[in-house]
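**Q**
Numbering (the numbering used here), first residue to last: 184 to 357.
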């Protein structure tokens, strides 16, 4: 079965199948002659499902980004072990030792999201626009826990934002 259909059948992103192939975790992989692109790569869905359950805990960084509503680039920066990972992740070394698969556990994602907010989250809570919130954050010198230069966006600690909101409740637009 083509990897795109196998991915749908086992309800995982196609990229997870590609990682399993590159990591040499699947034994039943075939490439059909005369067909171009990914459609030429066929796998056995039952094997894929079993290997995913055994090998791939948690979610991919891209899935993590979608689940917590931040750009994938920010999640990759948060799990970057070379820069001192902020968000815990698991690295799975392929059997050939040439391919690494990164995964993030859902519990760690939930905890991180509970501990950090975006300006858009604050704007939604206050029923105002994001630009107004960002001006307020600058005016009250609320520093991000993680800045745009670090991870590609600003993330704030709820406790820091709460103190700003207590300081200026009359400044918040209705």
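C-beta: ideal position from N, C-alpha, C; glycine also.
Strictly by DSSP, which residues pair up with residue 274?
**A** Working through the chain shown from its first residue, we reach residue 274 at position 91. Note: residue 274 sits in a beta bridge opposite 285.
**Q** Count Cβ pairs between the region 229-244 and the region 198-210 that sit closer than 8 angstroms; are there 3 or more?
**A** Yes, since at least three Cβ pairs between the region 229-244 and the region 198-210 fall closer than 8 angstroms, the two stretches touch.
**Q** Which of the three DSSP states, helix, strand or coil, is assigned to residue 214?
**A** Numbered from 1 along the chain shown, position 31 holds the residue referred to as residue 214. Correct three-state label for residue 214: strand.
**Q** Kindly list the residues whose CB is nearer than 7 angstroms to the CB of residue 290, restricted to its own chain and excluding five residues on each side of it in sequence; keep chain order.
**A** Sequence index remark: in the chain shown, residue 290 carries index 107 (1-based). Around residue 290: no qualifying Cβ.
**Q** Taking the beta strand (DSSP E) that residue 225 falls in, what are its first and last residues?
**A** By one-based count along the chain shown, residue 225 stands at place 42. From DSSP, the beta strand (DSSP E) with residue 225 extends over 224-226.
**Q** Quick one: what does DSSP say residue 193 is sitting in, helix, strand or coil?
**A** The residue you call residue 193 lines up with position 10 of the chain shown. DSSP places residue 193 in helix when its eight states are reduced to three.
**Q** Within its chain, find whatever has a CB closer than 7 angstroms to the CB of residue 189; leave out the 5 residues flanking it on each side and keep chain order.
**A** For the purposes of this step, residue 189 is identified with residue 6 of the chain shown, where counting begins at 1. Here the set comprises 200, 226, 228, 231.
**Q** I need the DSSP call for residue 342, collapsed to helix, strand or coil.
**A** As a first step, residue 342 must be located in the chain shown, where it is residue number 159. Of the three classes helix, strand and coil, the one that applies to residue 342 here is helix, per DSSP.
**Q** Using a Cβ distance threshold of 8 angstroms, determine whether the region 242-259 contacts the region 283-297, with at least three qualifying pairs required.
**A** A contact exists between the region 242-259 and the region 283-297.
**Q** In angstroms with no decimal places, state the Cα-to-Cα distance between residue 375 and residue 309.
**A** Given a span of 184 to 357 for the chain in the structure shown, any question on residue 375 remains unanswerable.
**Q** Measuring alpha carbon to alpha carbon, tell me which of 301, 191, 219 ends up nearest residue 251.
**A** For the purposes of this step, residue 251 is taken as residue 68 along the chain shown, with counting starting at 1. Looking at the Cα atoms, 301 is the closest of the given residues.
**Q** Could you check which residue in 255, 311, 266, 341 has the C-alpha nearest to that of residue 296?
**A** Your numbering for residue 296 matches position 113 in the chain shown. If we check each option's Cα against that of residue 296, 341 comes out closest.
**Q** Looking only at C-alpha atoms, which of 220, 198, 215, 320 sits nearest to residue 235?
**A** On the chain shown, residue 235 is found 52 positions in, with the first residue counted as 1. Minimum Cα distance to residue 235 is reached at 198.
**Q** So, with DSSP's three-state summary, where would you put residue 185?
**A** Along the chain shown, one-based indexing puts residue 185 at 2. Strand at residue 185.
**Q** With hydrogens ignored, establish whether the beta-carbon of residue 287 is closer than 6 angstroms to any heavy atom of the ligand NAD.
**A** Summarising the ligand content, the structure contains no ligands, and the ligand NAD is consequently not present.
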